[in-house]
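14 is the number of the first residue of the sequence shown in this note's numbering; add one for each residue after it.
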Amino acid sequence: MAKVFLGFMGSGKSTIAERLDKNYVDMDVVITERLGMSIAKYFEEKGEASFRQIESQVLAELLSQDIVLSTGGGVVISEANRKLLAKNSPNIYLSADFESLYQRLSQDQENQRPLFLNQSKASLKRLYEQRLPLYEAVATQIIDVIGKKPEEIVEMLS
Ligand code: S3P
């Protein structure tokens, strides 16, 4: 089984996964390779629904492996994905309040996230509120990341 990191965009899933294991697998990177273009471009050209199908395929493939896995923030939307995740352990949910995440996302120039760039703060907040219970439903461990340094979070996991 995989050691899975879950959480909203900007919660630090990849940062923590990488600190835990430099050979961690980032789902968004695997998906980007499969798409042959950036996620932002794919959203524009093919739409979110098509992205979600590929995301589900990649999740199913990776969950069976013995790896540290950083997921995309929307992986819990699909009921099929949640069923798969429910059979996995550990699923570590990195939780944070919306305002802190929004600040982090606003400062992140490197990662072009279509769902952040193409909607208002209010609608992003609604997305956050819809997803919270979904992360909680499949989490085996919840860590509030705000106010903690990456090394403290890693320490809590070992
Ligand atoms: C998404 C989050 C992104 C990426 C895609 C969709 C989402 O991953 O999978 O842009 O729906 O929340 P990160 O959570 O790593 O930013």
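We treat Cβ as the ideally placed atom computed from N, Cα and C, and that holds for glycine.
The ligand ADP heavy atom lying under 6 Å from the CB of R95: Because the ligand ADP does not appear in the structure shown, any question about it cannot be addressed here, the ligands present being the ligand S3P.
Buried or exposed (CB count within 10 angstroms, at least 16 for buried), V42: By one-based count along the sequence shown, residue 42 stands at place 29. Answer is exposed; the Cβ neighbour count stays below 16.
For E142, the nearest candidate out of I159, L114, D121, G160 (CA to CA): Here residue 142 corresponds to residue number 129 of the sequence shown, with the count starting at 1. Of the listed residues, the one whose Cα sits closest to E142 is L114.
Any non-hydrogen atom of the ligand S3P closer than 6 Å to D121 Cβ: Taking the sequence shown and counting its residues from 1, the one referred to as residue 121 is at position 108. Because no heavy atom of the ligand S3P lies under 6 Å away, the Cβ of D121 does not count as near it: no.
Helix, strand or coil at Q116 [DSSP, three-state]: Locating residue 116 in the sequence shown gives position 103, where the first residue counts as 1. Three-state result, Q116: helix.
Beta-carbon contacts of V151 that lie in its chain and below 6 Å, excluding the five residues immediately before and after: The count along the sequence shown starts at 1 and reaches residue 151 at position 138. Closer than 6 Å at the Cβ level, and outside the excluded window around V151, lie R95, L98, A99, N104.
Between the CA atoms of E58 and Q78 - distance to the nearest angstrom: In the sequence shown, counting from the first residue as 1, residue 78 sits at position 65. In the sequence shown, counting from the first residue as 1, residue 58 sits at position 45. Their Cα atoms are separated by approximately 31 Å.
Alpha carbon of F56 to alpha carbon of L48, nearest angstrom: For the purposes of this step, residue 56 is identified with residue 43 of the sequence shown, where counting begins at 1. For the purposes of this step, residue 48 is identified with residue 35 of the sequence shown, where counting begins at 1. Approximately 10 Å, taken between the alpha carbons.
Residue burial classification, R144 (beta-carbon count within 10 angstroms, cutoff 16): The residue given as residue 144 occupies position 131 in the sequence shown. Counting Cβ neighbours within 10 Å, R144 comes out buried, since at least 16 surround it.
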